[in-house]
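Colleague: First the structure, then my questions, so here it is.
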Amino acid sequence: MKVVFFSRDGIEEFQVLAEARRGTSLEKLKQMMGPVEALIATLPAHEMDAFTTSIGQAAGSHGHFMANTGSHLAGVSVFLTPFQNRDRTATDIVQSLKGALEEIRGREPFFEKLTIEIAQGGPPGGKPVQVGVRGEDFKVVNQIASEILEELKRTPGVSDAVTTFDFGKRQILVNVDEAAARKASLTVGQVAQSVRAAFRGAVATTIKPSKAEKEIDVLVRFPEDVRGDRAAFEKILVQNTQGDLVPLQAVARIEEAEGINSIGHYNGKRVVYVTAEVDDKQATSLGVNSMLAKTFQDVPKRYPGYSLYFGGEHQKNMESMMSLGVAAIFALLMIFIILAASFGSLVQPFIIMVAIPFGFMGVILAFFLHGLPLSFFAFIGMIGLAGVVVNQSIVLLDFINELRRQGVSRRESIITAGRLRLRPIFMTSMTTIAGLVSIAYNFGGGDPFIRPMALAMLWGLAVSTMLSLLVTPCIYAILDDLAERIVHHPTVRPPESGAAASI
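Here our numbering runs 286 ahead of the position in the sequence shown, where the first position is 1.
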């Protein structure tokens, strides 16, 4: 039985995210996005409501953790019609577009990436797979991230696996030799100031035209065609405290390297994220993340000082699971306390609460027959179901106790209660089930997020009602026999004892 906390069947939005080569102009990127917009426009009217294109910005639908702005970025937000008005889910529509998007990317060499993100069902929590690799050395971090990326690409049901490790523009590094700088009567600050003046410029003087109210700064720097040349650094002269000009290459080592577009941090350490989408029909976020945790559990041993962090949708699901577990325990405890206080017994509440597992059996059966995964709202429905399915057993057991107090034998009390209480119990359950049918089966419209909760309560109540009518009397008789053997009197004493008493 699959567990998908928030299904994407009812999603009504997705985004096409485009990333071109760095340095691409906005005009060029707008032209490149034309075929993408034409492809989106081919979606039928009963499936797509509208779409908007943003040039220079590509904010992901998951609230991406990195800055998503730049002249090389673009995004198309596609708004679908309501789920009930179309035959295909958002996931099916996205799958049908991926092949054509790959063709567009292949025809346009300036495209670096062209991916699709589906808006998340439920509260925002990140990608279905979002693994953070933490450490200090980006080369090692990127190596670990690449291993995870390759594993994800081999995993069925996983798509759009990428890392956030993104090289920026090439940069020139000036590593000052402090010992050599001291010998030349220079400081690191003086070297940095000279390099900055050469490439960003420095105010040499000011001029004030005769009719002008303000002075104009005269900025002096290297010509534009020279500033991109590494050899220009070798021509920089730095003035020391004695007024002598010292060549930069005499006190510093000049290197070229690829820059990093952005540096993420988590708990004070550098982090690179590996993210991916998961097709709920083939895999689950829980399953994929569990596989990764097992496969890469030796990362801290192989790379001391480096660790993995599982976040995104998986982290939120685990937090939700813990909250649901606490809520379920509290609900069962409150049900037991109320029943024990009402019946004046510590045994009979257990007889009544036997109906709860029967209800859960009905939930599992329902989702199995319908081919649906258990979701967050299904678990909420199961918790609420625990307080509903006990009603039938309460009515039945209370009537049996009343007959026993009147002096009727246990056998006759059970038979009479089953015969006289069957109709009220059946009618009560049927009216509740009838109220849930329209939501559970989308009659006249419905919400795919709420449907699992209604389906869980409907089938859980139906199965529990049938089984409780058969099993509860049997368990009552068995525990009554045990009570007579252990404490030498039945669970309900006969009237000649002067008062009805329970254990």
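From the three backbone atoms N, C-alpha and C, an ideal C-beta is built for every residue, glycine too. Note that the structure is a prediction, hence the values are computed from the model and not measured.
Compute the beta-carbon to beta-carbon distance between I621 and A672, rounded to the nearest angstrom, for a pair I have assumed lies under 8 Å.
Modeller: 6 Å
Colleague: Using the beta-carbon count (16 or more within 10 Å), is E605 buried or exposed?
Modeller: exposed
Colleague: Using the C-alpha atoms, what's the distance from A617 back to F665?
Modeller: Near 13 Å, if we compare the C-alpha coordinates of A617 and F665.
Colleague: Distance, Cα to Cα, G554 vs G648?
Modeller: Cα to Cα, G554 sits roughly 48 Å from G648.
Colleague: Of all the options Q535, E313, T328 and L572, which has the alpha carbon lying nearest to the alpha carbon of L459?
Modeller: Q535
Colleague: Between which two residues does the alpha helix (DSSP H) holding K580 run?
Modeller: In this chain, the alpha helix (DSSP H) harbouring K580 covers S571 to T581.
Colleague: Residues in the same chain with beta-carbon distance under 7 Å from F397, minus the five sequence neighbours each way, listed in chain order, please.
Modeller: A304, A306, M318 and R391
Colleague: Let me know the secondary structure DSSP gives I642 once reduced to three states.
Modeller: In this structure, I642 counts as helix in the three-state DSSP scheme.
Colleague: Which runs of the beta strand (DSSP E) fall wholly inside the stretch 336-386 and span at least 3 residues, in chain order?
Modeller: 355-366
Colleague: Leaving out five residues on either side along the sequence, give the residues of the same chain with a beta carbon under 7 Å from the beta carbon of I686.
Modeller: S699, I700, A703 and Y762
Colleague: What is the DSSP secondary structure of M608, reduced to helix, strand or coil?
Modeller: Under the three-state reduction of DSSP, M608 is assigned to helix.
Colleague: Pair every Cβ in the stretch 640-647 with every Cβ in the stretch 752-771, then say whether three or more of these pairs are closer than 8 Å.
Modeller: Yes, the stretch 640-647 is in contact with the stretch 752-771.
Colleague: Do you know offhand how far T450's Cα is from V560's?
Modeller: Cα-Cα distance, rounded: 7 Å.
Colleague: Looking at C-alpha atoms only, which residue of Q479, A498, V481 and V506 is the closest neighbour of T491?
Modeller: V506
Colleague: Whose C-beta lies closer than 6 Å to the C-beta of A569 among residues of the same chain, with five residues either side of it excluded?
Modeller: Listed in chain order, the non-local C-beta contacts of A569 below 6 Å within the same chain comprise G443, local neighbours out to five positions each way being set aside.
Colleague: Does the Cβ-Cβ distance between E333 and R372 come in under 8 Å?
Modeller: yes
Colleague: Beta-carbon within less than 7 Å of V462's beta-carbon, same chain only, minus the 5 sequence neighbours each way: which residues are those?
Modeller: V474, V477, V537 and A538
Colleague: By Cβ distance, which residues of its chain are closer than 6 Å to P321, with the 5 residues on each side in sequence left out?
Modeller: I390
Colleague: Which residue wins for smallest C-alpha separation from H551, given the options T717, G418 and G746?
Modeller: Ranking the options by Cα distance to H551, first place goes to G418.
Colleague: Would you call the stretch 423-438 and the stretch 487-503 in contact, with 3 or more CB pairs under 8 Å?
Modeller: Inter-segment contact for the stretch 423-438 and the stretch 487-503 is absent: fewer than three beta-carbon pairs are separated by less than 8 Å.
Colleague: Does the pairing of the stretch 517-524 with the stretch 480-487 give three or more beta-carbon distances under 8 Å?
Modeller: yes
Colleague: For a test of the three-state rule: what should DSSP assign to I326, helix, strand or coil?
Modeller: helix
Colleague: Alpha carbon to alpha carbon, how far is F629 from V574?
Modeller: When rounded, the distance between both Cα atoms is 48 Å.
Colleague: Straight-line CA distance for P710 to L619?
Modeller: 27 Å
Colleague: Do S445 and D565 have their beta-carbon atoms positioned less than 8 Å apart in this structure?
Modeller: yes
Colleague: Distance check for V489 and E520, CA to CA, integer angstroms please.
Modeller: 22 Å
Colleague: At which residues does the beta strand (DSSP E) containing Y762 begin and terminate?
Modeller: Counting along the chain, no beta strand (DSSP E) covers Y762; the unbroken alpha helix (DSSP H) around it starts and ends at R737 to I772.
Colleague: Just list the residues that DSSP pairs I458 with in beta bridges.
Modeller: E542
Colleague: Taking DSSP's pairing of strands, which residues face R420 in a bridge?
Modeller: V557 and S593
Colleague: Reducing DSSP to helix, strand and coil, say where L658 ends up.
Modeller: coil
Colleague: Where do the ends of the beta strand (DSSP E) carrying Q301 lie?
Modeller: E299 to A306
Colleague: By Cβ distance below 8 Å, which residues in the same chain neighbour E388 in space, the five residues on each side in sequence not counted?
Modeller: L400
Colleague: Give me the Cα-Cα distance between T792 and V681, rounded to the nearest whole angstrom.
Modeller: One cannot answer for residue 792 here, as it falls past the ends of the chain, which runs 287 to 789.
Colleague: Could you pull the DSSP bridge partners for G550 from this structure?
Modeller: V557
Colleague: Comparing C-alpha positions only, which one of L472, I434, A626 and F644 sits nearest to V558?
Modeller: Nearest of L472, I434, A626 and F644 to V558, Cα basis: I434.
Colleague: Within its chain, find whatever has a CB closer than 7 Å to the CB of I430; leave out the 5 residues flanking it on each side and keep chain order.
Modeller: V419, V585, Y589 and Y592
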